[in-house]
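Residues in the sequence shown are numbered consecutively from 134, following the numbering used here.
The beta carbon of each residue, even a glycine, is placed where N, CA and C say it ideally should be.
So the structure is just underneath, and the comments pick up after that.
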Amino acid sequence: MLTPSTVSEAVEAFCLSRSVSGCTARTVALYREVLRPFTAAMEPDVSRCTTLTVQGYLSRLRARVSPVTAHLHYAKVRAFFAWCLETGLLSQHPLRGFTMKAPKQLPRVPALIVTDSYALLNVGRRRVPGFAATSGMGRVTRAAFPAGDR
Numbered sequence: 134m135l136t137p138s139t140v141s142e143a144v145e146a147f148c149l150s151r152s153v154s155g156c157t158a159r160t161v162a163l164y165r166e167v168l169r170p171f172t173a174a175m176e177p178d179v180s181r182c183t184t185l186t187v188q189g190y191l192s193r194l195r196a197r198v199s200p201v202t203a204h205l206h207y208a209k210v211r212a213f214f215a216w217c218l219e220t221g222l223l224s225q226h227p228l229r230g231f232t233m234k235a236p237k238q239l240p241r242v243p244a245l246i247v248t249d250s251y252a253l254l255n256v257g258r259r260r261v262p263g264f265a266a267t268s269g270m271g272r273v274t275r276a277a278f279p280a281g282d283r
């Protein structure tokens, strides 16, 4: 049976267990960073973390941070409570039955290098007569192309 009785002691024991189980130092630091404001918002006694208090914390958090950040905090808090349950620190998961939808994100597209952009514009200009006139390219941009390509 685990002995920490305060939320902050339980968070430290949880972070230690993550470190021992092979999580990188960066991951453990992220757990600490995310769980620090959670610890401050909860009552000191870990057994007093109820569904209502944790949901209230997540609701207040969601009102002031981006959806992605709110979901990150939710995932880390959920992992912390799963660990508390596994170790016998809690008898019931405070977030049991509660889910937070992950925000939809557009896929990340790598930015084109400037020279690649010019090459793409040149290819388009060769295929479409009058491309520079219809593309909205100003004199400064056209000046960047060699004279033979205009």
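Contact between the region 219-236 and the region 197-211 is present: 3 or more CB-CB pairs across the two stretches fall below 8 Å. Taking every protein chain shown into account, the CB of residue 227 has 16 or more other CB atoms within 10 angstroms, so this residue is buried. Rounded to the nearest angstrom, the gap between the Cα atoms of residue 222 and residue 158 is 24 Å. Comparing alpha carbon positions, the residue from 137, 151, 208, 229 closest to residue 171 is 208. Rounded to whole angstroms, the gap between the alpha carbons of residue 153 and residue 217 is 16 Å.
Sequence-distant Cβ neighbours of residue 200 in its own chain, meaning closer than 6 Å and more than five residues away, are 236. Under the DSSP assignment, residue 217 falls in the alpha helix (DSSP H) whose first and last residues are 200-219.
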